[in-house]
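Comments concern the structure below.
In my numbering, the protein residues as written are 895 to 1049.
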């Protein structure tokens, strides 16, 4: 299986940091693999992390599955941030599940998201369900808003 690799590691001073390769057009077909570079935490089989709402996210380590099936992920907020940073670098249009993932990460309702983008909540709903394709300008604005959300001090 071909993977687009996202390196996700534990740093010494700044907590978790993400290093992302620039995605290629192949990224939509390739699963994204997330690694936590910590030799003490290694899982032999990748975990298909479908709980984030995306189909192509696999975790190789940085997680544990309890005996009752409960999933625990180290610093889930930074993991989702890393995934979001990876998504906004794609040159193709965002897919419906990716639009929803970004909205959920920003903790916005469809109505609030729509207000930010200048559309009504039903339009956002149609983008997230795949009934309508997001227009190029809205796609770019969404990425810019997401980047600003991640780093509000950027100019």
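Beta carbons: idealized from backbone N, C-alpha and C, even for Gly.
Burial state of residue 1022 is buried, judged by a 10 Å Cβ sphere holding 16 or more other Cβ atoms.
Residue 1005 and residue 989 have their alpha carbons spaced roughly 19 Å apart.
Between residue 941 and residue 956, the alpha-carbon positions lie close to 10 Å from each other. The distance from the Cβ of residue 1008 to that of residue 1015 is about 5 Å, consistent with a contact at the 8 Å cut-off. With a threshold of 16 other beta carbon atoms within 10 Å, residue 959 falls short and is exposed. Going by beta carbons, residue 1040 and residue 947 fall outside the 8 Å limit. Residue 959 sits in a strand when the DSSP states are folded into three classes. Straight through space, the alpha carbons of residue 969 and residue 984 are spaced by roughly 24 Å. Spanning the alpha carbons of residue 973 and residue 1028 requires a straight line of approximately 25 Å. Under the three-state reduction of DSSP output, residue 1028 falls in the coil class, being neither helix nor strand. Inter-residue distance for residue 1045 and residue 975 is about 11 Å (C-alpha atoms, whole angstroms). Its chain contains 1043 as the residues whose beta carbon lies nearer than 6 Å to that of residue 1000, once the 5 sequence neighbours on both sides are disregarded; these appear in chain order.
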